[in-house]
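Q: Going down the list, the protein sequences come from chains Z and W. Residue 86 in numbering that gives the first Met the number 0 sits at position 87 of the first sequence, with consecutive numbering throughout. Residue 77 in numbering that gives the first Met the number 0 sits at position 78 of the second sequence, with consecutive numbering throughout.
Protein chains: 2
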Amino acid sequence: MIRHTVVFTLRHPTGSPEEEAFLEAGRGLADIPGVERFERLRQVSGKNGYAWGFSMEFADRAAYDGYNEHPAHVAFVRDRWVPEVADFLEIDYVPI
Amino acid sequence: MIRHTVVFTLRHPTGSPEEEAFLEAGRGLADIPGVERFERLRQVSGKNGYAWGFSMEFADRAAYDGYNEHPAHVAFVRDRWVPEVADFLEIDYVPI
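#1: Quick one: which residues of the segment 29 to 49 of chain Z get their C-beta closer than 8 Å to a C-beta of chain W? List them in chain order.
#2: With 7 Å as the threshold, decide whether the Cβ of GLY52 of chain W is near any Cβ in chain Z.
#3: Please classify THR4 of chain W: is it buried, with 16 or more other beta-carbons within 10 angstroms of its beta-carbon, or exposed?
#4: Does the segment 50 to 59 of chain Z touch the segment 7 to 20 of chain Z, meaning 3 or more C-beta pairs lie closer than 8 Å?
#5: Using DSSP bridges, identify the partner residues of VAL84 of chain W.
#6: Can you pull the chain W residues whose beta carbon is under 7 Å from the beta carbon of VAL116 of chain Z, in chain order?
#7: So, at 7 Å on beta carbons, what are the nonlocal neighbours of TYR66 of chain Z in its own chain, with the 5 sequence-adjacent residues on each side left out?
#8: Give me, in chain order, the residues of the same chain whose beta-carbon lies closer than 7 Å to that of ALA85 of chain Z; leave out the 5 immediate sequence neighbours on both sides.
#9: On the DSSP bridge list, what partners appear for GLY52 of chain W?
#10: Assuming VAL43 of chain W and ILE1 of chain Z form a contact by the criterion Cβ under 8 Å, report the distance between their Cβ atoms to the nearest whole angstrom.
#11: Going by beta-carbon coordinates alone, are PHE75 of chain W and MET55 of chain W separated by less than 7 Å?
#12: Under 7 Å between beta-carbons, which chain Z residues line up against LEU88 of chain W? List them in chain order, please.
#13: Starting from ASN67 of chain W and walking both ways along the alpha helix (DSSP H), at which residues does that stretch end?
#14: For PHE57 of chain Z, which residues does DSSP report across the bridge?
#15: Is ASP91 of chain Z close to chain W? Criterion is C-beta to C-beta, closer than 7 Å.
#16: By the DSSP assignment, the alpha helix (DSSP H) with ALA20 of chain W in it spans what residues?
#17: Per DSSP, what kind of secondary structure is VAL73 of chain Z in: helix, strand or coil?
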């Protein structure tokens, strides 16, 4: 299992309709084949400046690659992520 | 539910006995009251420089505070974390 996470901050004001719309659009990532245990998360630690997170799990690297290359993911990155996300960090985990 | 995560890099060489000993010592955090779903993780994304992670969940803020203040956690931070961890980032999540 590979857990893919991304913690991020949006360009939109906190509590704005644009913020809500982005997070709503993010739900669609859960429908991409191979995505398991998709979560939308609020980042609540004061020890970093990020506001939100997405987390999902893949059975293996092939499933992860399929997600990355899927047209729905490519479109989300192009149409929503790049223009609306101000800062982010990807962290991927495998249990030991 | 609050998910507390920390992604980190050790001062020890990769594959060293000291690295293994640190990760083994980390298991003890799972026994602190309030800690649920404790995981030790290998960080596998090439998009950041961290090597390892711990993840755990708390029912609420009171449980999280109890963990932070617990003598076993305080001792782990003092005796293992501070001297052996080179870099880290704490990220805490609440599902939305």
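Quick reminder that beta carbons are idealized off the backbone N, C-alpha and C, glycines included. Small disclaimer: the values here were computed from a predicted structure and weren't measured.
A: Taking the coordinates as given:
#1: So the close ones are GLU38, ARG39, LEU40, ARG41, GLN42, VAL43, SER44, LYS46, ASN47, TYR49.
#2: For GLY52 of chain W, the answer is yes, since a Cβ of chain Z falls inside 7 Å of its Cβ.
#3: Classified as buried, THR4 of chain W has 16 or more neighbouring CB atoms from the shown chains inside 10 Å of its CB.
#4: A contact exists between the segment 7 to 20 of chain Z and the segment 50 to 59 of chain Z.
#5: Answer is W:LEU9.
#6: Past the boundaries of the shown model lies residue 116 of chain Z; chain Z is included only from 0 to 95, so the question cannot be answered.
#7: Closer than 7 Å at the Cβ level, and outside the excluded window around TYR66 of chain Z, lie ILE31, GLY33, VAL34, PHE57, HIS72.
#8: So the qualifying residues of the chain are THR8, LEU9, ARG10.
#9: W:VAL6, W:LEU40, per the DSSP bridge assignment.
#10: With a Cβ gap of about 7 Å, VAL43 of chain W and ILE1 of chain Z count as contacting.
#11: Taking 7 Å as the Cβ cut-off, PHE75 of chain W and MET55 of chain W do not qualify as a contacting pair.
#12: In chain order: ASN47.
#13: From DSSP, the alpha helix (DSSP H) with ASN67 of chain W extends over 60 to 68.
#14: Looking at the DSSP assignment, PHE57 of chain Z forms a beta bridge with Z:ILE1.
#15: In terms of beta-carbon proximity, ASP91 of chain Z lines the interface with chain W, with at least one pair separated by less than 7 Å.
#16: Looking at the DSSP string, the run of the alpha helix (DSSP H) that includes ALA20 of chain W is 16 to 25.
#17: Reduced to three states, the DSSP call for VAL73 of chain Z is helix.
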